[in-house]
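Colleague:
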Amino acid sequence: IHEALAEMNNKISYLLNTVRCVHRYSSVLTPKSSATARKHILWIGRYSDPLGNMNFRKLLLNILPSLHGSSLRFLSQKTDVYSTGAEALVHEKASQSSLEVEKLDDSGSLKRKHVVDHSDPFFTSLQKCTCPCDALDLVAEAAVSIKHYANSLTMAWRLFKNLSEEQQRYEKQLIFEHVAFEKLCQQLLRNARRVTRGDLVFSLHALVNLGVPQNTLLVQTLVRVCQEKLNQLDNRCVSVLATTLAVMEKDKNVSALQAGLQLLVEQRVSSIRDIFILQNLMKCLGKDAPIFLKKKLEMAVVREIDGLTFPNALRLFLALAAMNYCSLPVLNPCSKKIQENVHDVPFRVLISILEACHTLQYRNVKLLSALADYVSSTAYLWDKRQIILFLSACETLGFQPTELLDIFAEKVTEDPDFLNLKNLLIVLRVYSRLNHVPRGQKHLFFETLHNCLNKCLPQISPTELLKAVYSLGILGYLPHHALDELLQKDSKDELTLSDDLKEQNTMMLHCVKTCMELDSPSFTKPAFVLTENLSSLVSLSLRKAQEALIELLGDENMFRQNVQLPYRYHIDFEIRMDSDRKKVLPIAATDDHPDSHVQRLAFLFAPMSAFCLGTTHPQGKLAMKKRHLNKLGYHVILIQNKKFQEMKSEDAVEFLKRKIYSEDFFPEATVQDN
Numbered sequence: 001i002h003e004a005l006a007e008m009n010n011k012i013s014y015l016l017n018t019v020r021c022v023h024r025y026s027s028v029l030t031p032k033s034s035a036t037a038r039k040h041i042l043w044i045g046r047y048s049d050p051l052g053n054m055n056f057r058k059l060l061l062n063i064l065p066s067l068h069g070s071s072l073r074f075l076s077q078k079t080d081v082y083s084t085g086a087e088a089l090v091h092e093k094a095s096q097s098s099l100e101v102e103k104l105d106d107s108g109s110l111k112r113k114h115v116v117d118h119s120d121p122f123f124t125s126l127q128k129c130t131c132p133c134d135a136l137d138l139v140a141e142a143a144v145s146i147k148h149y150a151n152s153l154t155m156a157w158r159l160f161k162n163l164s165e166e167q168q169r170y171e172k173q174l175i176f177e178h179v180a181f182e183k184l185c186q187q188l189l190r191n192a193r194r195v196t197r198g199d200l201v202f203s204l205h206a207l208v209n210l211g212v213p214q215n216t217l218l219v220q221t222l223v224r225v226c227q228e229k230l231n232q233l234d235n236r237c238v239s240v241l242a243t244t245l246a247v248m249e250k251d252k253n254v255s256a257l258q259a260g261l262q263l264l265v266e267q268r269v270s271s272i273r274d275i276f277i278l279q280n281l282m283k284c285l286g287k288d289a290p291i292f293l294k295k296k297l298e299m300a301v302v303r304e305i306d307g308l309t310f311p312n313a314l315r316l317f318l319a320l321a322a323m324n325y326c327s328l329p330v331l332n333p334c335s336k337k338i339q340e341n342v343h344d345v346p347f348r349v350l351i352s353i354l355e356a357c358h359t360l361q362y363r364n365v366k367l368l369s370a371l372a373d374y375v376s377s378t379a380y381l382w383d384k385r386q387i388i389l390f391l392s393a394c395e396t397l398g399f400q401p402t403e404l405l406d407i408f409a410e411k412v413t414e415d416p417d418f419l420n421l422k423n424l425l426i427v428l429r430v431y432s433r434l435n436h437v438p439r440g441q442k443h444l445f446f447e448t449l450h451n452c453l454n455k456c457l458p459q460i461s462p463t464e465l466l467k468a469v470y471s472l473g474i475l476g477y478l479p480h481h482a483l484d485e486l487l488q489k490d491s492k493d494e495l496t497l498s499d500d501l502k503e504q505n506t507m508m509l510h511c512v513k514t515c516m517e518l519d520s521p522s523f524t525k526p527a528f529v530l531t532e533n534l535s536s537l538v539s540l541s542l543r544k545a546q547e548a549l550i551e552l553l554g555d556e557n558m559f560r561q562n563v564q565l566p567y568r569y570h571i572d573f574e575i576r577m578d579s580d581r582k583k584v585l586p587i588a589a590t591d592d593h594p595d596s597h598v599q600r601l602a603f604l605f606a607p608m609s610a611f612c613l614g615t616t617h618p619q620g621k622l623a624m625k626k627r628h629l630n631k632l633g634y635h636v637i638l639i640q641n642k643k644f645q646e647m648k649s650e651d652a653v654e655f656l657k658r659k660i661y662s663e664d665f666f667p668e669a670t671v672q673d674n
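The numbering of the sequence shown is the UniProt record's numbering, which starts it at 1 and goes up by one.
(1) Taking 8 Å as the limit between beta carbons, can you name the residues of its chain near L552, skipping five residues before and five after?
(2) Check whether the segment 516-531 touches the segment 488-495, taking contact to mean three or more Cβ pairs, one atom from each stretch, closer than 8 Å.
(3) Just how far apart, CA to CA, sit M299 and V225?
(4) If you check the beta carbons only, do F605 and L542 fall under 8 Å apart?
(5) Would DSSP call T216 helix, strand or coil?
(6) If you draw a straight line from the C-alpha of C129 to the C-alpha of L354, how long is it?
(7) Could you check what DSSP says for E304 in three-state terms: helix, strand or coil?
(8) With DSSP collapsed to three states, give me the class of F605.
(9) Which of the three DSSP states, helix, strand or coil, is assigned to L61?
(10) Tell me the residue span of the alpha helix (DSSP H) that contains V563.
(11) Under 8 Å, do L444 and T413 count as touching if we go by C-beta distance?
(12) Which residues in the same chain as V269 place their Cβ atom closer than 7 Å to its Cβ, once the five residues preceding and following it in sequence are excluded?
(13) According to DSSP, simplified to helix, strand and coil, what is E574?
(14) Taking 7 Å as the limit between beta carbons, can you name the residues of its chain near Q339, skipping five residues before and five after?
(15) Secondary structure at Y477, three-state DSSP: helix, strand or coil?
(16) By how many angstroms is the C-alpha of L428 removed from the C-alpha of E165?
(17) Count the other CB atoms within 10 Å of the CB of G620; is the residue buried (16 or more) or exposed (fewer)?
(18) In or out: G198 buried (at least 16 other Cβ within 10 Å) or exposed?
(19) Cα separation between K502 and C511?
(20) Just to confirm my understanding: we take R112, look at its own chain, exclude 5 residues before and 5 after, and list those with CB closer than 6 Å. What are they?
(21) Measuring alpha carbon to alpha carbon, tell me which of D651, D484, R363, K384 ends up nearest F347.
(22) Quick one: grab the DSSP three-state call for N533.
(23) Keeping to the same chain, check which residues put their C-beta closer than 6 Å to that of Y567; ignore five residues upstream and five downstream.
(24) Here's a check: name, in chain order, each residue in its chain whose Cβ is nearer than 7 Å to the Cβ of F523, leaving out the five neighbours to either side.
(25) Check for me: the alpha helix (DSSP H) holding H443 runs from which residue to which?
(26) If V219 sits next to V208, beta carbons under 8 Å apart, how far is it from one beta carbon to the other, in whole angstroms?
(27) Under three-state DSSP, which class holds V584?
(28) At a cut-off of 7 Å, would you count N420 as near the ligand ZN, judging by its Cβ distance to the nearest heavy atom?
(29) Is the separation between the beta-carbon of P213 and that of E171 shorter than 8 Å?
(30) Within 10 angstroms of its Cβ, does S203 collect 16 or more other Cβ (buried), or is it exposed?
(31) For H178, does the three-state DSSP call read helix, strand or coil?
(32) I believe A379 touches I351 by the beta-carbon criterion, under 8 Å. Please report the beta-carbon distance rounded to the nearest angstrom.
(33) Could you give the distance in angstroms between the alpha-carbon of D415 and the alpha-carbon of V342?
(34) Would you call the segment 640-653 and the segment 388-402 in contact, with 3 or more CB pairs under 8 Å?
(35) Which first and last residues belong to the beta strand (DSSP E) in which H635 is found?
(36) What number of angstroms, rounded off, separates the C-alpha of I587 from the C-alpha of E556?
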């Protein structure tokens, strides 16, 4: 129903635009030709671009002879530009002298300040325009001053940007073919030096965003005039100009103007009190701004942070990401404001917030939890592909939205048909990295993903197949049919790639083969595991743990360090105990007399990045390693090394004592239990 309504709306929109297109030229049509034109409208009912229909294009050209062959003739040397009629591009040459713009008066100031006269009927009519071409119609009928032309252009852009993407494509062609658009551009070019500073920057902004080529003489002239009037621009105009330059390609004039703008911002930033202007400058200056300027902008924002509104908080948050500058004094208040208004955040902005967190390496668990809770509570409103996009962004941050993962797993098992190959690979990557097995539906979920993978086997590439099997292997599931396909490709060397991917593929293939052996139902715990001491030296990050164990156990002979195991696994420290976990046994004694009743403890001091954000839940690769060490007969103690390093020495000793002599052993013990 929604698709049918959307198609109907598009048809109606195109029909109304077509009627308006013909009607706006009624003053130049004879009654007979006008009637003919209306008859032609009747057969434009299909969902298509009317301007793509050659008969309709010929109709417009026949009834509008004055437009046939006309084009924007405001070109710099040897450049292309949009044309009207059947021609797509034209080439126009301009003499070098035409590129030059006269200097400002010696005073460098405007003769008088232009103010919009709201009693002027023109501006009253302009406010009533409902589409870009309405504004151009008004130009053709009543524009008499450069103020009229400039404001009409700005209004046309304002109305244009509110249209849908498809409507914009259609409307843009109508704008460029409009009889008044060429006249408007001629007036702007002729009076570029006479327009007010506001009209200057807004006109440039409108032309660039409407798609007028940057290398046209008109755009280049406005850029040059902006250079000359730069010091006269107020803060609002500077903000608009920065926004415009941010979307323009680099050339000599643009680069020169950007450099001047940056110097101007450096001088003025301490006096800017408008937080909207500040965040816009941050976004537009971007990551290439010098660090001292980023710091100045940060200080200016902090001064005004008390009156922060939700819209500005959202813009500031994203502006900091655009500038690639992590400012906690700004981010934290913005984060709090976003949490309070999370229900007002559009979906695409939710994704932008997550991407900004990744760019800034900003790990605010409360913010991420608020976003995830909101999406979970409204999951029935979102398309499954939107949820995939959100989960993928969370996975990039290492954040585990547990409830949403369970909800989405249920949606997958109920309706797996939407999972094409691309979405399937994303889902496998997300669940494997976050080490998430849905509650109460583990087997069904894995079987569903396995069946989807089997359907994709005829079209899947060797590398994609390896990634899919690797992800399922991390979760402890062996997709047998896909495994057979993978091993066949491996035997034919189809997994061999360029050097930059060879190492990654080799690692994934090794993990898959390890899972095939250790996770097989037929695998039994070995009575003896061959180990090797790599070195008696430990890294600086483990020195504190070594000292704590020596103090606790009294002797280095009571534990092993840097132990290498089969399957390329490595453990930081190993301790052996009696079966009751009451006594630590010397390493040498247990080596000489292997005993199945000896308990072997493996200590893994892992970085925070190996755990899901804000939790003690291990991510996929660490969880797989723990599972495999358990299969080899080890009890594994996972410790977040950063937290352990923050402990006082006596607290570290007490922490290890509790873990070693614990009666109820917790395999996932971490320092956060302390």
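Every residue gets a Cβ at the ideal spot worked out from N, C-alpha and C, and that includes glycine.
Modeller: According to the structure shown:
(1) V653, L656, K657, I660
(2) no
(3) 32 Å
(4) yes
(5) strand
(6) 38 Å
(7) coil
(8) strand
(9) Low confidence applies here, because L61 scores a pLDDT of 33, under 50, leaving its location unreliable and the question unanswered by this model.
(10) V563 -> not in any alpha helix (DSSP H); beta strand (DSSP E) instead, spanning 560-564.
(11) yes
(12) K296, L297, A300
(13) strand
(14) K366, L367, A370
(15) coil
(16) 33 Å
(17) buried
(18) buried
(19) 14 Å
(20) With a pLDDT of 31 at R112, under the threshold of 50, the modelled position of this residue cannot be trusted, and the question is left open.
(21) K384
(22) strand
(23) T514
(24) E517, K631
(25) 442-456
(26) 7 Å
(27) strand
(28) Absence of the ligand ZN is noted for the structure shown, with no ligands found whatsoever.
(29) no
(30) buried
(31) coil
(32) Actually they do not touch by this definition, with Cβ atoms about 15 Å apart.
(33) 29 Å
(34) no
(35) 634-640
(36) 9 Å
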